[in-house]
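In our numbering, the protein residues as written are 185 to 652.
Contents: one structure, followed by commentary.
Structure below.
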């Protein structure tokens, strides 16, 4: 299981994952090229093959330092020793391959010897530099996540202490909720009792809490289930702190924070490499479509401006990642630009829709400016469609788990849209079906699912008769 700590900013998470994946392998390859240049030895195909093999082995063997580990500020000697030993392993593998292929004689001994001695020094310096960069990203105030604990016991108190003493974890402990009083619990030090468990959900919503650690005993499992139900109207990540040593676990998959076991109960699927793949896909495809489709975008913009009075681009407030407000861009398709507490959904014979607007909505061309939202990191190509703030506030009260769809970036298209859930939601059941698809997307996300939805969008959504 991946490490449970997640960035609030998707771009930061993707950047950290990318840097950790490529920094050390690139240094290994660059070191070899530099040795060739220094000794004026041509960088032929054999050296290129060696560089590629060494880089691949480095990616597999040279595990970068844990950016959440206290070694970020600790002694560097263990780091140097670890890198040196791993580098010796890589050299041993390469020598064995050279012996089997009988190709070692084609390489310059001076180049290989210098490379073998120089590279570990560069790797240590590169690792230290990577730690500095990652630490700055981690300690960015915008990545700080507010944390509360449901239940006060030895485990939750220990984890709270570890979070406070390790700023690299990017978590700010607000306090504890427990049905017992402060005197009975024996609060002391930095521990704060914020209220009783029934008050937790309201506190989380009113104070924009990001993470909840549930530390209730197994015998209170029913209360845990009740808490999960009460927290469905929030976008907080939820983890359970089990006393796992009372079970005989086999092949159990849990995460841990500083040695304390946690089980993810509600979290975004876009962590680590998954988040990097998601973000790279968004950037590459959206920038390509914007570049290639620029003439179309300009033509549509001019047509909107000339067809009726009003702005070319319609800006509307919607809920994005973690339920935070974002501004979404669309080509204006109506004679009004509603963005208040009484936003009315478009109907099939809506008089507010302009002539050009009807055409744009029919073929979803009005959504094209949201590619800019994708590049900004406010949206994704695929994800739950963002609704107007007024609609969100209405439906979150009517549909259980509605706000969980905001655990990921909203999308231009989504699983609900390619399954026919588009257009007006005149009945509550229609919005419920849309939310069900959104939650299924969160549960079963994979890169291949995103590609499938994008392909289905081209064939199903464009020209959909429900789009009006």
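Idealized CB from N, CA, C, for every residue including glycine.
Check                                                                                                                                                                               : Outcome
Consult DSSP for residue 420 and reduce its assignment to one of helix, strand or coil.                                                                                             : coil
Please give me, in chain order, every unbroken run of the alpha helix (DSSP H) with length at least 4 that falls completely inside the region 235–316.                              : 261–285
Taking all protein chains shown into account, do 16 or more other C-beta atoms lie within 10 angstroms of the C-beta of residue 445, making it buried, or fewer, making it exposed? : buried
Which one of 511, 492, 502 and 338 has the shortest CA to CA distance from residue 539?                                                                                             : 492
Going by DSSP in three states, residue 572 sits in which element: helix, strand or coil?                                                                                            : strand
When you compare only the Cα positions, how much space is there between residue 640 and residue 536?                                                                                : 30 Å
Could you check how far apart the C-beta atoms of residue 559 and residue 458 are, in whole angstroms? I think they sit under 8 Å.                                                  : About 20 Å separates the two Cβ atoms, so there is no contact after all.
Using alpha carbons as the reference points, say which of 614, 346, 592 and 604 lies closest to residue 628.                                                                        : 592
Can you look up residue 219 in the DSSP assignment and give me helix, strand or coil?                                                                                               : helix
Between residue 573 and residue 503, which are expected to be in contact by the criterion C-beta below 8 Å, what is the C-beta distance as a whole number of angstroms?             : 6 Å
On the criterion of 16 or more Cβ atoms from any shown chain inside 10 Å, does residue 196 qualify as buried, or is it exposed?                                                     : buried
Beta carbon of residue 295, beta carbon of residue 225: below 7 Å?                                                                                                                  : yes
Does the beta carbon of residue 460 fall short of 6 Å from some heavy atom of the ligand COA?                                                                                       : The model on display carries no ligand, and the ligand COA is accordingly not part of it.
For residue 463, count the other beta carbons within 10 Å of its own beta carbon; 16 or more makes it buried, fewer makes it exposed. Which is it?                                  : buried
How far does the alpha helix (DSSP H) with residue 613 in it extend, from its first residue to its last?                                                                            : 612–628
Do residue 408 and residue 398 count as a contact pair if the criterion is CB distance below 7 Å?                                                                                   : yes
Between which two residues does the beta strand (DSSP E) containing residue 597 stretch?                                                                                            : 595–597
I need the straight-line Cα distance from residue 393 to residue 210, nearest angstrom please.                                                                                      : 39 Å
Counting only runs of 4+ residues fully inside the region 380–406, write out the alpha helix (DSSP H) ranges in chain order.                                                        : 384–390
Three or more beta-carbon pairs under 8 Å between the region 284–292 and the region 221–237, yes or no?                                                                             : yes
Would you report the Cα separation of residue 233 and residue 270, rounded to the nearest angstrom?                                                                                 : 20 Å
Using 10 angstroms around the beta-carbon of residue 136, count the other beta-carbons present and answer buried if the total reaches 16, otherwise exposed.                        : Residue 136 lies beyond the residue range present for the chain, which begins at 185 and ends at 652; the question has no answer from this structure.
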